[in-house]
Amino acid sequence: MPGAPSGLRFSTGFGASLRPWGHCRESRVGAPRLDATVPRPYLTQVNLCIYEDPEVALFGPHALLRPVFALRCGIFSLIEKLIRAFPDAPLVLVVRPELEDLVRVLYPTAQVGEPPEEETLFVNGRLCMTDDEVLHFLAASPTEASFMANGVLFAAKVAAKRVAHAARHLRAGSPERAFEDLRFPAEVNAFLSRSAADLIRWSPRQIVQDFRSAFQPGTVRGTVEAGVHVTQPEALHVARGARVQSGAVLNAEMGPILIQENATVEPLTYIEGPAVIGERTVVKAGARIRGGSSIGPVCKVGGEIEASVFQGYSNKQHDGFLGHSYVGEWVNLGADTNNSDLKNNYGEIRFFRSAAAFREGKGEGSGQKFLGLTVGDFTKTGIGTSFTTGCVVGIGCNLFGTELMPAYVPSFVWGSPGSFVEHRVDGVIETAARAMERRKVELRVELDSLVRQAFDDSKKDRALFLDARPAAAPRSTARKVRK
Numbered sequence: 001m002p003g004a005p006s007g008l009r010f011s012t013g014f015g016a017s018l019r020p021w022g023h024c025r026e027s028r029v030g031a032p033r034l035d036a037t038v039p040r041p042y043l044t045q046v047n048l049c050i051y052e053d054p055e056v057a058l059f060g061p062h063a064l065l066r067p068v069f070a071l072r073c074g075i076f077s078l079i080e081k082l083i084r085a086f087p088d089a090p091l092v093l094v095v096r097p098e099l100e101d102l103v104r105v106l107y108p109t110a111q112v113g114e115p116p117e118e119e120t121l122f123v124n125g126r127l128c129m130t131d132d133e134v135l136h137f138l139a140a141s142p143t144e145a146s147f148m149a150n151g152v153l154f155a156a157k158v159a160a161k162r163v164a165h166a167a168r169h170l171r172a173g174s175p176e177r178a179f180e181d182l183r184f185p186a187e188v189n190a191f192l193s194r195s196a197a198d199l200i201r202w203s204p205r206q207i208v209q210d211f212r213s214a215f216q217p218g219t220v221r222g223t224v225e226a227g228v229h230v231t232q233p234e235a236l237h238v239a240r241g242a243r244v245q246s247g248a249v250l251n252a253e254m255g256p257i258l259i260q261e262n263a264t265v266e267p268l269t270y271i272e273g274p275a276v277i278g279e280r281t282v283v284k285a286g287a288r289i290r291g292g293s294s295i296g297p298v299c300k301v302g303g304e305i306e307a308s309v310f311q312g313y314s315n316k317q318h319d320g321f322l323g324h325s326y327v328g329e330w331v332n333l334g335a336d337t338n339n340s341d342l343k344n345n346y347g348e349i350r351f352f353r354s355a356a357a358f359r360e361g362k363g364e365g366s367g368q369k370f371l372g373l374t375v376g377d378f379t380k381t382g383i384g385t386s387f388t389t390g391c392v393v394g395i396g397c398n399l400f401g402t403e404l405m406p407a408y409v410p411s412f413v414w415g416s417p418g419s420f421v422e423h424r425v426d427g428v429i430e431t432a433a434r435a436m437e438r439r440k441v442e443l444r445v446e447l448d449s450l451v452r453q454a455f456d457d458s459k460k461d462r463a464l465f466l467d468a469r470p471a472a473a474p475r476s477t478a479r480k481v482r483k
């Protein structure tokens, strides 16, 4: 392996010879077979317009402060996958009006809002899983064609004269009307995500697909110290500036392991593929990162993590189990925070999208046996916090206590079961600004405005959850908020 020190130990397990990565067997988290071919990106001369539709509401707290296509599944976010597929296409983004200012900051080279009247490939931002052949089919298709996945329209190639009509209906939240007159409808093999649960479930396979399309396997450009044990080294990629310290175990038998730029894997860590360790992320000593985990950039993670997604800039440094979960940005999970991801009866896990549904016991079936915690941006937990299977927690919460948290906690809630109160929005923003300053990130006015709007928009849901109790915290709690 290039760049590997002489003391690096490689193993294929049970004395077998090294298997080429193309023959990796299917793992228990669903990693498909693949070959080591890195396909060339598809080129297109038309505009690429990625749009949101009304279904973004199904993503709950994770779509409050970002467009749905910014969510992570596998190695890349949904928008990054499309940009990689069509790198030369001018980019247009159609999002909810309240997100437009922030999206202009996040994607400065994109046109936001009204697309130009030029031939355009429109793609739903919820597109998560597809394959190279489908992307090639989209690029090579005739103008005036639409594409369906499981009966749902997710993409269309539109002539210049129809672009204004399509954009008008997309911005009005009516994608069906935007493309209703197009010819050549085609059913293709693609998947539209409908919740964070889908992103969790599909992430292991997407890690494998993204790794195949973008990274050279069996490559070490960073530092792998002597005493690191690697199983199936041809499925490993260590980027420049990354460091894997002595005593770590990297087990890539079940899928690839990607350690990105300037990440650090501390001693006595166990990482099982498929897995991604993001840029500038630190995996703390003794951590166990199980297969299917995608840890985004600038995180600190420890304890045991299995098949979970970290959007980025979040911490779970200490012992505790996090399984089949989705963690937003600027989240801090305190020591010994744990979640359940499997029911005692091994049944389907249900989850709640609102306080009303929670109070009425009207959970939505996930179709999954494993589903843990989905937690929104800027939420913190105290030591020893516990979450039930399929728990949904909003943005801007501060939760603590030893009692099991309810299966649904709306945004901007403070406290523990039996003593929840409203978490004031100024306190959330003050804490967020401090946390972001520590990472040399500015809390921009566009994000500040969105957080305040989310607070106002969630008042009814929160009031129903709190059951009409006063929003003001007790005096002792209020003193804590002001710190």
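All residue numbers for the sequence shown refer to UniProt numbering, where the first residue is 1 and numbers rise by one. Using N, Cα and C, we set each Cβ at its ideal position, and we do this for glycine too.
In the DSSP assignment, find the alpha helix (DSSP H) that holds E176 and state where it starts and stops.
In the sequence shown, counting from the first residue as 1, residue 176 sits at position 176. Unbroken alpha helix (DSSP H) run through E176: 175-178.
Below 9 Å between beta carbons: does that hold for residue 485 and R462?
This structure cannot settle anything about residue 485, because the visible part of the chain is limited to 1 through 483.
Within the stretch 103-155, note down every full alpha helix (DSSP H) run reaching 4 residues or more, in order along the chain.
Runs of the alpha helix (DSSP H) inside the stretch 103-155: 132-140.
To which residues of the same chain is G363 closer than 8 Å at the C-beta, ignoring the five residues directly before and after it?
Against the sequence shown, residue 363 aligns to sequence position 363. Excluding positions up to five away in sequence, the list reads R350, F351, F352, A357, G390, A407.
Can you tell me whether S449 is helix, strand or coil according to DSSP?
Along the sequence shown, read from residue 1 onward, the residue named residue 449 stands at position 449. S449 falls in the helix class under three-state DSSP.
Using 10 angstroms around the beta-carbon of D467, count the other beta-carbons present and answer buried if the total reaches 16, otherwise exposed.
Taking the sequence shown and counting its residues from 1, one reaches residue 467 at position 467. Under this definition D467 is an exposed residue.
Would you tell me roughly how many angstroms separate the C-alpha atoms of H136 and G303, rounded to the nearest one?
Along the sequence shown, read from residue 1 onward, the residue named residue 136 stands at position 136. Along the sequence shown, read from residue 1 onward, the residue named residue 303 stands at position 303. One C-alpha to the other measures close to 41 Å.
Is the Cβ-Cβ distance between E261 and G222 less than 9 Å?
For this step, residue 261 is matched to residue 261 along the sequence shown. For this step, residue 222 is matched to residue 222 along the sequence shown. It is a contact, given that the beta carbons lie within the stated cut-off.
Using a Cβ-Cβ cut-off of 6 Å (strictly less than) and excluding sequence neighbours within five positions of S308, which residues of its own chain qualify?
Position 308 of the sequence shown holds residue 308. Once the five neighbours on either side are set aside, the close Cβ partners of S308 are S293, L322, S325.
Helix, strand or coil: which one does DSSP assign to S458?
Sequence index remark: in the sequence shown, residue 458 carries index 458 (1-based). If DSSP states are grouped into helix, strand and coil, S458 belongs with coil.
I'd like the span of the alpha helix (DSSP H) that includes residue 497, first residue to last.
Absent from the model: residue 497. The displayed extent of the chain is 1 to 483, so no value can be given.
For the beta strand (DSSP E) containing H165, name the first residue and the last one.
Stepping through the sequence shown from its first residue, residue 165 is reached at position 165. Segment 160-171 is the alpha helix (DSSP H) holding H165; no beta strand (DSSP E) there.
My guess is that L258 and H237 are in contact by the Cβ rule of under 8 Å, so how many angstroms apart are they, rounded?
Counting from 1 along the sequence shown, the entry for residue 258 is found at position 258. Counting from 1 along the sequence shown, the entry for residue 237 is found at position 237. Right, the Cβ-Cβ distance comes to about 5 Å (below 8 Å), so this counts as a contact.
Tell me which same chain residues have a C-beta within less than 7 Å of the C-beta of R177, skipping the five on either side of it?
Residue 177 sits at position 177 when you count from the first residue of the sequence shown. The residues are H169.
Please state the DSSP three-state secondary structure of L371.
To locate residue 371, count along the sequence shown from 1; it is residue 371. Coil, per DSSP.
Taking all protein chains shown into account, do 16 or more other C-beta atoms lie within 10 angstroms of the C-beta of D377, making it buried, or fewer, making it exposed?
Taking the sequence shown and counting its residues from 1, the one referred to as residue 377 is at position 377. Buried is the call here.
Would DSSP call G427 helix, strand or coil?
As a working note, residue 427 is residue 427 in the sequence shown. Here G427 sits in helix by DSSP.
Just mark V29 as buried or exposed, buried being the case when its beta carbon has 16 or more other beta carbons within 10 Å.
Position 29 of the sequence shown, counting from 1, holds the residue named residue 29. Low per-residue confidence applies at V29: pLDDT is 29, beneath 50, and the placement is therefore not dependable, though the value from the model is reported in the following sentence. Per the 10 Å Cβ criterion, buried.
Quick check: what's the CA-CA separation for E187 versus E117?
Indexing the sequence shown from 1 puts residue 187 at position 187. Indexing the sequence shown from 1 puts residue 117 at position 117. Taking the straight line joining both Cα atoms gives about 26 Å.
Can P256 and V220 be called in contact, C-beta distance under 9 Å?
Stepping through the sequence shown from its first residue, residue 256 is reached at position 256. Stepping through the sequence shown from its first residue, residue 220 is reached at position 220. In this structure, V220 does not lie closer than 9 Å to P256 by Cβ.
Tell me which residues share the same chain as Q111 and place their Cβ nearer than 8 Å to its Cβ, disregarding the 5 neighbours each side in the sequence.
Mapped onto the sequence shown, residue 111 falls at position 111. Excluding sequence neighbours, Q111 sits near P90, L91, V92, L93.
Where do the ends of the beta strand (DSSP E) carrying L91 lie?
Here residue 91 refers to the residue found at position 91 when the sequence shown is read from its first residue. Counting along the chain, the beta strand (DSSP E) containing L91 begins and ends at 91-94.
Can you tell me whether L142 is buried or exposed, with buried defined as 16 or more other CB within 10 angstroms of its CB?
On the sequence shown, residue 142 is found 142 positions in, with the first residue counted as 1. The sequence given here has Pro at residue 142, not Leu. That one is exposed.
By Cβ distance below 8 Å, which residues in the same chain neighbour S411 in space, the five residues on each side in sequence not counted?
As a first step, residue 411 must be located in the sequence shown, where it is residue number 411. The answer, listed in chain order, is P61, L64, G376, G394, I395, G396, C397, A454, F455, S458, D461, R462.
Pick from R290, R126, V95: whose alpha carbon is nearest that of L58?
Position 58 of the sequence shown, counting from 1, holds the residue named residue 58. Per the Cα distances, R126.
Taking V134 and A190 to be in contact with their CB atoms under 8 Å, please state how far apart those CB atoms are, rounded to whole angstroms.
Working through the sequence shown from its first residue, we reach residue 134 at position 134. Working through the sequence shown from its first residue, we reach residue 190 at position 190. Right, the Cβ-Cβ distance comes to about 6 Å (below 8 Å), so this counts as a contact.
Give the single residue among D198, G401, V265, S354 whose Cα lies nearest to the Cα of G74.
The count along the sequence shown starts at 1 and reaches residue 74 at position 74. Among D198, G401, V265, S354, the Cα nearest to that of G74 belongs to D198.
According to DSSP, what are the bridge partners of S77?
Looking up residue 77 in the sequence shown gives position 77. Paired residues: R72.
Taking buried to mean at least 16 other C-beta atoms within 10 Å of its own C-beta, is W414 buried or exposed?
The sequence position of residue 414 within the sequence shown is 414, counting from 1. Burial call: buried.
Within 10 Å of its beta-carbon, does Y107 have 16 or more other beta-carbons around it, so buried, or fewer, so exposed?
Along the sequence shown, one-based indexing puts residue 107 at 107. With 16 or more Cβ atoms within 10 Å of its Cβ, Y107 is classed as buried.
Alpha carbons only, please: which of V451, V425, V298, E225 is nearest the one belonging to L268?
Position 268 of the sequence shown, counted from the start, is the residue given in the question as residue 268. The option with the nearest alpha carbon to L268 is E225.
What does DSSP give as the partner residue(s) for V46 in the beta ladder?
In the sequence shown, counting from the first residue as 1, residue 46 sits at position 46. In DSSP, V46 forms no bridge with anything.
Would you mind sorting D88 into buried or exposed? The rule is 16 or more other CB atoms within 10 Å of its CB.
Position 88 of the sequence shown, counted from the first residue, corresponds to residue 88. Classification of D88: exposed, given that the 10 Å Cβ count is below 16.
Which residues in the same chain have their Cβ closer than 6 Å to the Cβ of Q311, if we skip the five residues on either side of it in sequence?
In the sequence shown, counting from the first residue as 1, residue 311 sits at position 311. Here the set comprises R72, G296, G328, E329.
What separation, rounded to the nearest whole angstrom, lies between the Cα atoms of L333 and V56?
What you label residue 333 is simply residue 333 of the sequence shown in a count that begins at 1. What you label residue 56 is simply residue 56 of the sequence shown in a count that begins at 1. Cα to Cα, L333 sits roughly 26 Å from V56.
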